[in-house]
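The block underneath contains the structure these notes are about, expressed in structure tokens.
There are 2 protein chains.
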Amino acid sequence: MAEKMADKIVPRMASGTTPRAAAKPRKEMIAETKAKLIAAARHAFATQGYAEASMDDFTAGAGLTRGALYHHFGDKKGLLMAVIMQMDAEMSDRLSAISSRAETPWQAFVDECVAFIEMSLEPEIQRIMLLDGPAVLGDPSQWPNQSACIRATTASLQKLIDKGTIRPVDAEATARLVNGATLSAALWIANAEDPDTVSKKAVEVFLTLVSGLLVER
Amino acid sequence: MAEKMADKIVPRMASGTTPRAAAKPRKEMIAETKAKLIAAARHAFATQGYAEASMDDFTAGAGLTRGALYHHFGDKKGLLMAVIMQMDAEMSDRLSAISSRAETPWQAFVDECVAFIEMSLEPEIQRIMLLDGPAVLGDPSQWPNQSACIRATTASLQKLIDKGTIRPVDAEATARLVNGATLSAALWIANAEDPDTVSKKAVEVFLTLVSGLLVER
DNA sequence: AGGACTTACATACGCTGCGTATGTGAGCTA
DNA sequence: TAGCTCACATACGCAGCGTATGTAAGTCCT
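Below is the structure:
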């Protein structure tokens, strides 16, 4: 993937006022450029890690230069932020789709958490969202979108509290701790020699822990 | 701390076959050099972050050059690893001291967890152990010492299982999830506008969660 | 005791990669 | 259609890392 045609050696379209066709409006061109940069960065960050990914390399891979990057995102961190926002939005969508399919609110909550663990096993998510993101941009709870995933979990928990299924704890606090536990579990599983066994253990313990939230077991 | 006399401006002792005194044995000099490098790096990593800390700068601060660093630690990552091992050992000591003071095994476990949260609020620990460490060196569970803190928690939990206080779950898995939850809580608290309130919420939720481990509430 | 070897560093060099200042041509506006 | 704006590309300087090399102090052996 990545090079499409490889014929667009020259950035932009070089010369000729684009004789015909391709008469894209300005806004569209910009959105396209941004999307290309984000996609290229996302791939580079995922495979090489943030620090090791060269801006020159992956911008060139997108048929652009660092000039475009600085123009649109300010700096490397800005681009990482954009990548993270995109990924977080996708994760949030996936999570809400999953929880909406559940039959009970409690099951929705559990399904969400399990899905989060599974997503965290994906190398791209683990590398960018869980490892480099916090290190480069600081605590995720301070990010602009404030981690849509956390908000989703918080909402699920609040429903359970309202329904009286779980004890009246602070929903956001619970979401954060639960999220931390699942995150840690995911890292552990992903790096274990025997992911299957480890995964089973983790889920069992997870269910035991959250059973502490229930009003009645 | 750190600079002792500040008179040793010149690296080593420059010239003169050390006229008298200071006739330290080789091993001691080396250990001292290593310790100075680790201390300098630890301070730089904590205050500026791993990526922003210049090896030239902090080695010079220790009265040495990058040559010494590469000789003893291989590269920047090697030095980070050494720093982390030192800090982990210290944390482990602090934790075991705390748990040994508790009256019951359950209280020991809870005290340990709370202490871990409190330690995670210290900027040095948060920055190096929780943010940069995982990003640069990968999953903590794969580090050489394998995080002595986790082992301590695992041991505490195993005691509780043996005593029949908590349900017979997998001790290590529980330790990891609990550790992840506390870590997340710590990050949240440390970056919150109102740490006190947030802290209380977090502890409350934490206790609720781990109550799920108990055989009988 | 003194010479040869080893080692714990310092010094010198090249290269990569980021950030900024500047140039330029294609679109929007009047 | 002239002029302005903006989305990029190009050019440059500099910091920081890694390596190759130099050197003096310590250690070993006789």
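First to last, the sequence lines map onto chains A and B.
If you want my numbering, it's the position in the first sequence, counting the first as 1, plus 356.
If you want my numbering, it's the position in the second sequence, counting the first as 1, plus 356.
Just so you know, even glycine gets a beta-carbon here, dropped at the ideal spot from N, CA and C.
Since the structure is predicted, the reported quantities are computational estimates derived from the model, not experimental observations.
So PRO575/B contacts chain A; which residues on that side make the cut at Cβ distance below 9 angstroms?
There is simply no residue 575/B to check, as chain B begins at 357 and stops at 573 in what is shown.
Answer yes or no: does any C-beta atom of chain A fall closer than 8 angstroms to that of GLU589/B?
Examination of residue 589/B is not possible in this model, given that chain B is present from 357 through 573 alone.
Given that GLN498/A touches chain B, what residues does it touch there, using C-beta distances under 8 angstroms?
Under the 8 angstroms cutoff, chain B gives ASN547.
Please return the same chain residues whose Cβ sits closer than 7 angstroms to the Cβ of PRO490/B, not counting the five positions on each side in sequence.
PRO496, listed in sequence order.
Taking 8 angstroms as the CB-CB cut-off, is PRO490/A touching chain B?
Chain B has a Cβ within less than 8 angstroms of the Cβ of PRO490/A.
With distances taken from CA atoms, which of PRO524/B, SER410/B, ILE545/B, TYR406/B is nearest LEU565/A?
Of the candidates PRO524/B, SER410/B, ILE545/B, TYR406/B, the residue whose Cα lies closest to the Cα of LEU565/A is PRO524/B.
Coarse secondary structure for VAL566/A, derived from DSSP in three states
Helix.
Can you find a CB in chain B that lies within less than 8 angstroms of the CB of GLU572/A?
Interface annotation, GLU572/A: not in contact with chain B, CB-CB separation never under 8 angstroms.
Taking the Cβ atom as the reference point for each residue, do PHE472/B and LEU451/B lie within a distance shorter than 8 angstroms?
Contact: yes.
Residues of chain A with a CB under 8 angstroms from the CB of ASN535/B: which are they?
Chain A residues near ASN535/B: SER540.
Answer yes or no: does any C-beta atom of chain B fall closer than 8 angstroms to that of ASP495/A?
So yes, ASP495/A belongs to the interface.
Could you give the distance in angstroms between the alpha-carbon of LYS390/A and the alpha-carbon of ASP412/B?
If you draw a straight line from the Cα of LYS390/A to the Cα of ASP412/B, it is about 37 angstroms long.
Whose C-alpha, out of ALA527/A, GLU528/A, VAL534/A, LEU393/A, is nearest the C-alpha of GLY423/A?
Among ALA527/A, GLU528/A, VAL534/A, LEU393/A, the Cα nearest to that of GLY423/A is on LEU393/A.
Kindly indicate the opening and closing residues of the alpha helix (DSSP H) around ASN535/A.
For ASN535/A, the enclosing alpha helix (DSSP H) covers residues 527 to 547.
Short check: CB of MET485/B to CB of ILE545/B, under 8 angstroms?
Here MET485/B is not near ILE545/B, since their CB atoms are 8 angstroms or more apart.
Does the beta carbon of SER410/B come closer than 8 angstroms to any beta carbon on chain A?
Cβ-Cβ to chain A under 8 angstroms: no for SER410/B.
Beta carbon proximity, SER452/A to chain B, threshold 8 angstroms
Taking CB atoms only, SER452/A has no neighbour in chain B less than 8 angstroms away.
Buried or exposed for THR553/A, going by 16 or more other Cβ atoms inside 10 Å?
It is exposed - the Cβ of THR553/A has fewer than 16 other Cβ atoms within 10 Å.
Nearest chain B C-beta to ALA508/A closer than 8 angstroms, yes or no?
Not closer than 8 angstroms to any Cβ of chain B, the Cβ of ALA508/A fails to qualify, so no.
Beta-carbon proximity list for VAL492/B, same chain, < 8 angstroms, skipping 5 on both sides
The beta carbon of VAL492/B sits closer than 8 angstroms to those of TYR406, LYS433, LEU436, all from its chain and outside the five residues before and after it, given in chain order.
Length-filtered (4 minimum) alpha helix (DSSP H) runs lying within the stretch 392 to 442 of chain A:
List check, alpha helix (DSSP H) in window: 411 to 417, 422 to 429.
Please tell me whether ALA379/B has its Cβ less than 8 angstroms away from any Cβ of chain A.
Bear in mind that a pLDDT of 49 at ALA379/B, under 50, signals an unreliable position, so the model cannot answer this.
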